[in-house]
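Student: Residue numbers (this note's numbering): 233 to 328.
Quick reminder that beta carbons are idealized off the backbone N, C-alpha and C, glycines included.
Pasting a structure below so you can have a look.
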């Protein structure tokens with residue numbers, strides 16, 4: 233596993249990083265997505281202040297992460313309930 237020195241440009245500013253080869257494309261994609269969200273917020277809200285835009289994107293990102301975690305927990309709970317029900321049905325079958 234070798235390390236690479238890369239630069240990720242976010243909001244017109246370069247950020248040097250040392251990353252594993254396996255992480256490089258993921259980080260570059262994240263940088264592209266971040267810049268796309270910054271552009272969308274700038275166009276939507278008409279603000280050019282980069283700190284405000286970065287804060288708004290960070291807030292949206294964390295809100296999405298919380299929502300995803302809650303959805304995952306709900307889905308897992310539903311799955312456990314269904315599996316428990318199926319196990320009870322199977323246990324109630326009489327095999328001759």
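DSSP has residue 236 in a bridge; who is on the other side?
Tutor: 251.
Student: What number of angstroms, rounded off, separates the C-alpha of residue 307 from the C-alpha of residue 269?
Tutor: So the alpha carbons of these two residues sit roughly 28 Å apart.
Student: Taking only the alpha-carbon atoms, compute the straight-line gap between residue 317 and residue 305 and give it to the nearest angstrom.
Tutor: Roughly 18 Å separates the two Cα atoms.
Student: For the alpha helix (DSSP H) that residue 315 lies in, which residues bound it at each end?
Tutor: Taken as a continuous stretch (DSSP letters only), the alpha helix (DSSP H) holding residue 315 covers 282-324.
Student: Taking only the alpha-carbon atoms, compute the straight-line gap between residue 251 and residue 272 and give it to the nearest angstrom.
Tutor: Taking the straight line joining both Cα atoms gives about 28 Å.
Student: Rounded to whole angstroms, what is the Cα-Cα separation between residue 259 and residue 240?
Tutor: C-alpha separation (whole angstroms): 8 Å.
Student: May I have the straight-line CA-CA distance separating residue 320 from residue 314, to the nearest angstrom?
Tutor: Taking the straight line joining both Cα atoms gives about 10 Å.
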